[in-house]
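Each remark here refers to the structure printed beneath this line.
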Amino acid sequence: MSLDKHDVEKIAHLARLSIQEDDIPHYARDLNNILNLVEQMSAVDTNDILPMAHPLDAHQRLRPDSVNEVDQREAFQAIAPKTEAGVYLVPKVIE
């Protein structure tokens with residue numbers, strides 16, 4: 076696929092970009108290079124390649140999932156203006 080002046084102008088219009096007339100050949104060349112690279116990458120056989128979430132074999136260090144605080148819900152709800160069935164009741168804001 077090769078882009079010409081008209082294609083670059085249309086892409087610029089759709090992207091709402093203002094480009095100078097003398098820059099169009101540079102944009103066309105750069106966009107053609109990008110499209111050629113994508114075409115080359117699409118031609119590579121990736122059937123035996125497993126998808127990766129990250130290019131490095133990194134593992135996220137996670138802390139142990141343990142309770143660090145005492146449950147104080149009863150104490151907090153005792154001083155709340157209104158509660159019901161373990162939840163806080165608040166005034167209606169949308170009519």
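With the first letter of the sequence shown counted as 1, position 32 gets the number 107 in our numbering; the numbers rise by one all the way through. Just so you know, even glycine gets a beta-carbon here, dropped at the ideal spot from N, CA and C.
query	result
Exposure label - Y174; buried when at least 16 CB within 10 Å	Since the first and last residues shown for the chain are 76 and 170, residue 174 lies out of range.
Cα-Cα separation between A128 and P156, rounded to whole angstroms	48 Å
Boundaries (first-last residue) of the alpha helix (DSSP H) holding P100	99–118
Bridge-paired residues (DSSP) for V162	E159
Beta-carbon proximity check, L106 vs L78, cutoff 8 Å	yes
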